[in-house]
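Residue numbers (the numbering used here), protein chains in the order written: chain A, 1043 to 1198; chain B, 1043 to 1198.
Just so it is clear, CB atoms sit at the ideal spot from N, CA and C, and this is done for glycine as well.
Taking it in order: structure first as structure tokens, then the write-up.
There are 2 protein chains.
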Amino acid sequence: MRSGEVARAAGVSTDTLRFYERRGLLPRPKRLANGYRAYGAQALDRVLLIQRALSVGFTLEEIARFVKARGRGSPPCREVRALAARKLEEIQSRIQEMRAFQKTLEETVEEFDARLAAAGEGEPARLLESLRPTRNTSGSALSALAFNRRRSREIS
Amino acid sequence: MRSGEVARAAGVSTDTLRFYERRGLLPRPKRLANGYRAYGAQALDRVLLIQRALSVGFTLEEIARFVKARGRGSPPCREVRALAARKLEEIQSRIQEMRAFQKTLEETVEEFDARLAAAGEGEPARLLESLRPTRNTSGSALSALAFNRRRSREIS
DNA sequence: CTTGACCCTGGAATCGATTCCGGGGTTTAG
DNA sequence: CTAAACCCCGGAATCGATTCCAGGGTCAAG
Chain A
1043 MRSGEVARAA
1053 GVSTDTLRFY
1063 ERRGLLPRPK
1073 RLANGYRAYG
1083 AQALDRVLLI
1093 QRALSVGFTL
1103 EEIARFVKAR
1113 GRGSPPCREV
1123 RALAARKLEE
1133 IQSRIQEMRA
1143 FQKTLEETVE
1153 EFDARLAAAG
1163 EGEPARLLES
1173 LRPTRNTSGS
1183 ALSALAFNRR
1193 RSREIS
Chain B
1043 MRSGEVARAA
1053 GVSTDTLRFY
1063 ERRGLLPRPK
1073 RLANGYRAYG
1083 AQALDRVLLI
1093 QRALSVGFTL
1103 EEIARFVKAR
1113 GRGSPPCREV
1123 RALAARKLEE
1133 IQSRIQEMRA
1143 FQKTLEETVE
1153 EFDARLAAAG
1163 EGEPARLLES
1173 LRPTRNTSGS
1183 ALSALAFNRR
1193 RSREIS
């Protein structure tokens, strides 16, 4: 796969792929005769892993350490194992916090709706219907996770 | 409450409180005779809300719009309501992705442990025990969520 | 009185993640 | 052939969130 293919499939830019390679997050791929990168199928898996890790709060530095340890086959050092364990706890904790916030936000949306219904007397059904956002469902499976990161110019 | 108290309770720095005020995320508090900020109890709630929203992917700009609409009492504009609804969907989606990643990470940790056990033949129990991270449990309820943001110098 | 903790200000700097820049080569479809 | 899409490079710039800076005032304890 060429870089554009991997980038599109993963929902990132080719710039980002190059950046990750420089940062040691992606192994150097083979090259075609014209100098283009020729990624194997596992590269997409790797990028998706990176994106997921980012979305749960790993920094790129942490991810780099992690994937290096994972790919090595030999025992990881203590710090990397401890890092993984710590992140697991943090993820769990974070899911719980997110659930709590979700509830708060739901309540607020309900209140908003009540206000909008009161303001648009006689048109509650249509008003609420018109407020249903149209989700942009194009892009990769991770597009839902990109909402607080800058949109890649290449996929927008 | 003075700014230090709110900051400590919320797990942020006083710089961050001032920053939020400048950004319109926090209302201007009253001042004491010496010029110190005198926050009401609701300020802490507000800061915690901001932190939670950040942790689920809102930008400060989005949060600012949101809290303004929420605090107004009048009907929110369509965009803000739509923003809230969109974020709800994204949170749900994100929780699911996080669960999936959690599983991946758990499997990796197990693999790491197997490697470590094989490497430290005859000492598996003690080795794994020594790898149990000591969690830093000081700080606010949101400290678990701050792992990918810079530590406040004031609370570390 | 002294010192350290606390507080203030507005602008600048830092950091992490990503994108842009400037320049150039390759491929593909019409 | 042409033009657009695709690809390359390394360094610089952007953006969002936070922190630092430089300078100064206030408070409390020893």
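Query	Result
Where K1129/A meets chain B, residues with beta-carbon distance less than 7 Å	L1147
L1074/A vs L1130/B beta-carbon contact at 8 Å	no
Buried/exposed call for G1062/A, threshold 16 Cβ in 10 Å	Here residue 1062/A is Tyr; the residue named in the question, Gly, does not match the sequence. It is buried - the Cβ of Y1062/A has at least 16 other Cβ atoms within 10 Å.
Alpha-carbon to alpha-carbon, D1155/A and R1123/B	8 Å
Between the CA atoms of R1141/B and A1142/A - distance to the nearest angstrom	16 Å
Closer than 7 Å: R1120/B CB and nearest the ligand GDP heavy atom	Ligands are entirely absent from the displayed structure, and the ligand GDP is therefore not among its contents.
R1094/B and L1068/B closer than 8 Å at C-beta	no
Whole-number beta carbon distance between G1099/A and E1152/A, since they are thought to touch under 8 Å	Actually they are not in contact, since the Cβ atoms of E1152/A and G1099/A sit about 29 Å apart, beyond 8 Å.
Nearest-angstrom Cα separation, counted from A1159/B out to T1101/B	43 Å
C-alpha distance - L1059/A paired with A1080/A, whole-angstrom precision	12 Å
Cβ-based burial, A1161/A [other Cβ within 10 Å; buried from 16]	exposed
Cβ-based neighbour list, G1066/B, same chain, cut-off 6 Å, excluding 5 preceding and 5 following	A1106
Span of the alpha helix (DSSP H), counted from its first residue to its last, around R1107/A	L1102 to R1114
Cβ shell of I1092/A (< 7 Å), same chain only, five flanking positions each side left out	Y1062, L1067 and I1105
Rounded straight-line distance, which links the Cα of Q1138/B to that of S1055/A	24 Å
Whole-angstrom distance between S1135/A and L1096/B, CA atom to CA atom	15 Å
For G1046/A, three-class secondary structure by DSSP	helix
Same chain, Cβ closer than 7 Å to A1188/B, five either side skipped, listed in chain order	Only weak support is given to the placement of A1188/B: the predicted model assigns it a pLDDT of 39, under 50, and the question is left unresolved by the model.
Classification of A1083/A by the beta-carbon crowding that lies within 10 angstroms, buried from 16 upward	exposed
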